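**Q**
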Amino acid sequence: MVRQFGIEFTESAGKHGFTFDDVLYAARHIIHKRTYQENGETYLKITGRHHGDPLVPSLEIIMKITGSGQLVVFHANAEQAGFWDRG
Numbered sequence: 001m002v003r004q005f006g007i008e009f010t011e012s013a014g015k016h017g018f019t020f021d022d023v024l025y026a027a028r029h030i031i032h033k034r035t036y037q038e039n040g041e042t043y044l045k046i047t048g049r050h051h052g053d054p055l056v057p058s059l060e061i062i063m064k065i066t067g068s069g070q071l072v073v074f075h076a077n078a079e080q081a082g083f084w085d086r087g
């Protein structure tokens, strides 16, 4: 787990090999975003540009926004077909 800038990057977020820096880059270069509620929790779902690999032009990221405003990133992966059809 990495915690910086009010963002927590969980172990599960790194399971596809993307890093905290990859997520920050994508969050600074957002292509699409949606906020939604599920079970009383607020989530932010984004796709953002990825740097350094032409075979992975964008990342899909899902994070929870805590009551204190902290972001908890628990999913980061190369954008997959159907990402915006779920959740």
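Reading the sequence shown from the start, the letters are residues 1 to 87 in full-length UniProt numbering.
C-beta atoms are modelled at their ideal positions from N, C-alpha and C, and glycine is treated no differently.
Computed from a predicted structure; not experimentally measured.
So, under 8 Å CB-CB, I30 and I46 are touching, yes? Tell me the CB distance rounded to an integer number of Å.
**A** For the purposes of this step, residue 30 is identified with residue 30 of the sequence shown, where counting begins at 1. For the purposes of this step, residue 46 is identified with residue 46 of the sequence shown, where counting begins at 1. Right, the Cβ-Cβ distance comes to about 5 Å (below 8 Å), so this counts as a contact.
**Q** In angstroms, rounded to a whole number, what distance separates the CA positions of A76 and E60?
**A** Residue mapping note: residue 76 aligns to position 76 of the sequence shown, counting from 1. Residue mapping note: residue 60 aligns to position 60 of the sequence shown, counting from 1. Approximately 6 Å between the Cα atoms of the pair.
**Q** If we count the other Cβ atoms within 10 Å of its Cβ and call it buried at 16 or more, is D22 buried or exposed?
**A** On the sequence shown, residue 22 is found 22 positions in, with the first residue counted as 1. The residue in question, D22, is buried, as its Cβ has 16 or more Cβ neighbours within 10 Å.
**Q** Would you list the one or two residues that DSSP bridges to N77?
**A** The sequence position of residue 77 within the sequence shown is 77, counting from 1. Answer by DSSP bridge pairing, in chain order: E60.
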